[in-house]
Each structure stands twice: as C-alpha cells, then as structure tokens.
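Working notes, structure below.
Residue numbers (the UniProt record's numbering): 1 to 248.
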C-alpha cells in the first residue's frame, strides 16, 4: 500500500510544497543579502529549507560528530556525493554558516542561481586552468567572519552511491588559507533521490562529521601538489571508513 500511496503524496503534496518553499527561500535569501544581511540570510533560510525538505519526503536524519566542530571557526567541509539530498543534509544539519562551492551550471537554475550568487556562493569554472584558479581565489576571499566552505570533491553525483575520484580545488583552498579539512560521510541520499530519478523515496539519512584534518601537520615539508594529494587521500579514506557496507 505504501508503494502506491507515497507517489501520490509526493506528486500532490510534497513536490508542490517543495517548489513553493524553494521559491520563497530563494527570494528571501536574495532580498536579505542584497540589503546587507548576508551573514544571516545566506545561511538560515537555506538551513530551514533543507530541514523542511527532509521532512516533506519523510526521511529521518541522524547526525554524528557535531562535537568535533567549534563555533566561530572556519573549515573546509568535504563530503561524498551520493545524490541530490546531499545538499539538504549538509546545509540543513551541519550547524555552522557555510558558503557552497558548486558547479557553474547551477547558476542557470531560475531564482536559485541568483540567490546563490547573492549569498556569496562560489560557482566553479573548470573551462580552463586560469578560470579554475579564479574560482579558487574567489573561494578564499569568501572565507571570512567565521564562514566555512562546503564542497563535494567528486564534482558530480555518483551513479552507484560509491565514491569517485576527488578533484583538488577545495584542498588547495584549505592549504592556502591554513584551514582544517573536515571529512563528512553521507549515507542514504542515494536511496532517496539518485541521479536520473525525479521521484524522491523516503529512506533514513545519516551524516557523520569526522574530526578535522590539520593540513599543515599532515603534509609538512612536501611540495604543493604532493601536499594536496596527501590531504585529498586522507580525506577520502576517512569518508570511506563510515560508509554503509553497500557503498564501500
């Protein structure tokens, strides 16, 4: 019975409410940030939107490891990318103000793209090495006043739920700014809304926040590329350690 009733609920109730919430959140974020309230409006409307979205699809969320984070400190959060609901988990439940580092194509989403730009999120342009360096420089400028950077180092959602290769941009930011990298393991978003599907399905969601990695201490004395590779490998191994067995 649930397999029959849930799609009806999702199409008639959850999806229309999500669209409405998304539009309202984008408008509130844009207006608030343009009026000078970026510190508040770039984070809290999106945080509430994310939590309500998880409630709408009837997916309970469990978070472990918040005790590893200190309020007022900046971090680079690096998470695996199982599906669309990864965003709602990190944005809604990390508990610290963040700036997103995201694919440039997302800027074209109506209302949402403009809101992200107003909120100071960074759209990564990988069209050339020079453009990629500009994106990294912009990300470094945004990390101030206690804001952290959130990124999916894989760059795109996994087709199987398992992790792919990590890109190095976020780790470059961490090393340049002397910031700790916080590995985040996400479990469950692949079952809720994997790539290629539009009908979300309820499933339990889990976010594991690991202890921060001190980039300087980990890779001291190495050349820049070797340091980035070492931090990226350590981050990936840490994320993998808490994945559910089906995703390892």
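Here a beta-carbon is modelled for each residue, glycine too, at the ideal position from N, C-alpha and C.
In this text the structure is predicted, and so the values were computed from the model without any measurement.
Where residue 151 and residue 232 are concerned, what is the direct C-alpha to C-alpha distance, given to the nearest angstrom?
C-alpha separation (whole angstroms): 13 Å.
At which residues does the alpha helix (DSSP H) containing residue 191 begin and terminate?
Here the alpha helix (DSSP H) through residue 191 covers 189-192.
Since residue 232 is in the alpha helix (DSSP H), which residue starts that stretch and which ends it?
Residue 232 -> alpha helix (DSSP H) spans 224-241.
Residue environment, residue 86, which counts as buried when at least 16 other CB atoms sit within 10 Å
Its Cβ being crowded by 16 or more others within 10 Å, residue 86 is buried.
Residue 57, DSSP secondary structure in three states:
Secondary structure of residue 57 (DSSP, three-state): coil.
Are residue 212 and residue 68 close, meaning C-beta to C-beta below 8 Å?
Going by C-beta atoms, residue 212 is nearer than 8 Å to residue 68.
So, do the segment 88-103 and the segment 115-126 have three or more beta carbon pairs nearer to each other than 8 Å?
Yes, they touch.
First through last residue of the beta strand (DSSP E) which encompasses residue 122:
First-last of the beta strand (DSSP E) with residue 122: 122-124.
So does the segment 187-199 actually touch the segment 154-167, counting three or more Cβ pairs closer than 8 Å?
With a cut-off of 8 Å on Cβ pairs, the segment 187-199 is in contact with the segment 154-167, counting three or more such pairs.
Who are the Cβ neighbours of residue 178 in its own chain at under 7 Å, not counting the five residues just before and after it?
The answer, listed in chain order, is 216.
Among 209, 247, 214, 56, which has the Cα closest to the Cα of residue 65?
Among 209, 247, 214, 56, the Cα nearest to that of residue 65 is on 209.
What is the rounded straight-line gap between the Cα of residue 55 and the Cα of residue 37?
If I take the Cα positions, the gap works out to 27 Å.
Assign residue 60 to buried or exposed, taking buried as 16 or more other Cβ atoms, counted over all protein chains shown, within 10 Å of its Cβ.
Residue burial annotation: residue 60 is exposed, with fewer than 16 other C-beta atoms found within 10 angstroms of its C-beta.
Is residue 12 buried or exposed, if buried means 16 or more other CB atoms sit within 10 Å of its CB?
Around the beta-carbon of residue 12, fewer than 16 other beta-carbon atoms lie within 10 Å, marking it exposed.
Evaluate residue 40 with the Cβ neighbour count: other Cβ atoms within 10 Å of its Cβ, from every protein chain shown; 16 or more gives buried, anything less gives exposed.
So residue 40 ends up on the exposed side.
Pick helix, strand or coil for residue 183, following the three-state DSSP scheme.
Correct three-state label for residue 183: strand.
Selection from 77, 91, 62 that minimises the alpha carbon distance to residue 180:
The candidate whose alpha carbon is nearest that of residue 180 is 77.
Compare the C-alpha of residue 169 against each of 228, 4, 199 and name the closest.
Distance from the Cα of residue 169 is smallest, within the candidate group 228, 4, 199, for 228.
So what does residue 148 bridge to, in DSSP terms?
Beta-bridge pairing links residue 148 to 98.
Quick one: give me the first and last residue of the beta strand (DSSP E) that residue 79 is part of.
Element bounds for residue 79: 76-79.
Pick out whichever of 248, 43, 173, 35 has its Cα sitting closest to the Cα of residue 153.
Closest option to residue 153, Cα to Cα, is 173.
Under 8 Å between C-beta atoms, does residue 138 make it to chain D?
Among the chains in the structure shown there is no chain D, since it carries only a single protein chain.
Just to confirm the assignment, what range does the beta strand (DSSP E) spanning residue 107 have?
No beta strand (DSSP E) contains residue 107, which DSSP labels as neither H nor E.
With 16 other CB atoms within 10 Å as the buried threshold, where does residue 254 fall?
The structure shown does not extend to residue 254, since the chain is modelled only from 1 to 248, so the question has no answer here.
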